[in-house]
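A short write-up of the structure that comes next.
Residue numbers (the numbering used here): 1131 to 1391.
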């Protein structure tokens, strides 16, 4: 794979799970990373581990639900990096109070809907907005939005979470808009849609759901995905090997898109 040494990367949502593993992998391959999250204690642990292993990282506290916080992240992060080559939008509100109350549309809670879109979609749009000038001034770069199979596939035995699914479908549209509008500035934008990846949140959900346990037995690869497998894909996507890939949705799901329940 092409080297990513020296690439300057902001990871918006990197305290745990896929974000944390990606920050560590990118840094281990020579990228300079900003570890950003609302969970500042966990983000500081990731940052400390990277630096203790000889990587180059800093940590910035931010909230995807707050525009001023997002602007501060991009401005301060780009300043520390000395520019910006890649923005990875990874964070989402997966809290029990929000995701746990996300239901089918006939039972929809408007507050849950608004909160979900504020974080999962508006937050990504705002990080993109503030990152674009920095990417342009550097001659281009990449924006990768993390999404979910739920954004374009509803085949699940679990009750549908309409706000989460709709917010992720909107992220796909944001990705395509960014790719078509700013491709002339050498800015690539892609989505990586996750299937069942062994993050702390998913593992808790599986433990509490016999239906999900049964459904996952049908995953063609017969296992959960690993956060480091997602991280490896993201490392490829920001590298020059992916220079002609933009406006696309890449799924990493172990074959769940071909499952029948």
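Heads up, the beta-carbon is just placed ideally off N, CA and C, and yes, glycines get one too.
Below 8 Å on the Cβ atoms is my contact criterion, and I expect residue i with residue j to pass it. Report the Cβ-Cβ distance as a whole number of Å.
{"i": "residue 1312", "j": "residue 1262", "result": "7 Å"}
{"i": "residue 1203", "j": "residue 1190", "result": "5 Å"}
{"i": "residue 1210", "j": "residue 1164", "result": "7 Å"}
{"i": "residue 1249", "j": "residue 1194", "result": "5 Å"}
{"i": "residue 1302", "j": "residue 1281", "result": "6 Å"}
{"i": "residue 1185", "j": "residue 1158", "result": "6 Å"}
{"i": "residue 1300", "j": "residue 1376", "result": "At roughly 19 Å, the Cβ-Cβ gap does not stay under 8 Å, so residue 1300 and residue 1376 are not in contact."}
{"i": "residue 1147", "j": "residue 1321", "result": "About 17 Å separates the two Cβ atoms, so there is no contact after all."}
Can you grab the Cα-Cα spacing for the pair residue i / residue j, in whole Å?
{"i": "residue 1305", "j": "residue 1275", "result": "7 Å"}
{"i": "residue 1156", "j": "residue 1237", "result": "41 Å"}
{"i": "residue 1331", "j": "residue 1343", "result": "14 Å"}
{"i": "residue 1180", "j": "residue 1187", "result": "7 Å"}
{"i": "residue 1161", "j": "residue 1385", "result": "30 Å"}
{"i": "residue 1340", "j": "residue 1151", "result": "28 Å"}
{"i": "residue 1315", "j": "residue 1298", "result": "25 Å"}
{"i": "residue 1387", "j": "residue 1279", "result": "8 Å"}
{"i": "residue 1183", "j": "residue 1145", "result": "17 Å"}
{"i": "residue 1379", "j": "residue 1149", "result": "18 Å"}
{"i": "residue 1317", "j": "residue 1230", "result": "36 Å"}
{"i": "residue 1351", "j": "residue 1169", "result": "33 Å"}
{"i": "residue 1383", "j": "residue 1132", "result": "24 Å"}
{"i": "residue 1143", "j": "residue 1356", "result": "17 Å"}
{"i": "residue 1246", "j": "residue 1257", "result": "16 Å"}
{"i": "residue 1367", "j": "residue 1273", "result": "9 Å"}
{"i": "residue 1442", "j": "residue 1201", "result": "Not covered by the structure: residue 1442. The range shown for the chain is 1131 to 1391."}
{"i": "residue 1296", "j": "residue 1271", "result": "27 Å"}
{"i": "residue 1348", "j": "residue 1381", "result": "17 Å"}
{"i": "residue 1259", "j": "residue 1253", "result": "10 Å"}
{"i": "residue 1292", "j": "residue 1228", "result": "12 Å"}
{"i": "residue 1173", "j": "residue 1240", "result": "31 Å"}
{"i": "residue 1192", "j": "residue 1255", "result": "15 Å"}
{"i": "residue 1171", "j": "residue 1370", "result": "33 Å"}
{"i": "residue 1153", "j": "residue 1359", "result": "13 Å"}
{"i": "residue 1244", "j": "residue 1196", "result": "13 Å"}
{"i": "residue 1290", "j": "residue 1206", "result": "38 Å"}
{"i": "residue 1327", "j": "residue 1267", "result": "35 Å"}
Taking its Cβ as the centre, do 16 or more other Cβ atoms sit within 10 Å of residue i, making it buried, or is it exposed?
{"i": "residue 1345", "result": "buried"}
{"i": "residue 1167", "result": "buried"}
{"i": "residue 1287", "result": "With a pLDDT of 46 at residue 1287, under the threshold of 50, the modelled position of this residue cannot be trusted, and the question is left open."}
{"i": "residue 1310", "result": "exposed"}
{"i": "residue 1353", "result": "exposed"}
{"i": "residue 1223", "result": "buried"}
{"i": "residue 1374", "result": "exposed"}
{"i": "residue 1232", "result": "buried"}
{"i": "residue 1226", "result": "exposed"}
{"i": "residue 1319", "result": "buried"}
{"i": "residue 1235", "result": "exposed"}
{"i": "residue 1277", "result": "buried"}
{"i": "residue 1338", "result": "exposed"}
{"i": "residue 1198", "result": "exposed"}
Meets three-Cβ-pair contact criterion under 8 Å: the segment 1331-1340 and the segment 1251-1268: no
The segment 1136-1146 in contact with the segment 1215-1234 per 3-pair CB rule at 8 Å: yes
The segment 1363-1371 touching the segment 1171-1179, judged by at least three CB pairs closer than 8 Å: no
3-residue-minimum beta strand (DSSP E) runs that sit fully inside the segment 1297-1362, ordered along the chain: 1317-1324
Start-end ranges of the beta strand (DSSP E) lying completely within the segment 1243-1297, minimum 3 residues: 1271-1278
Length at least 4, wholly inside the segment 1141-1227: the alpha helix (DSSP H) runs in chain order: 1147-1158, 1170-1182 and 1197-1211
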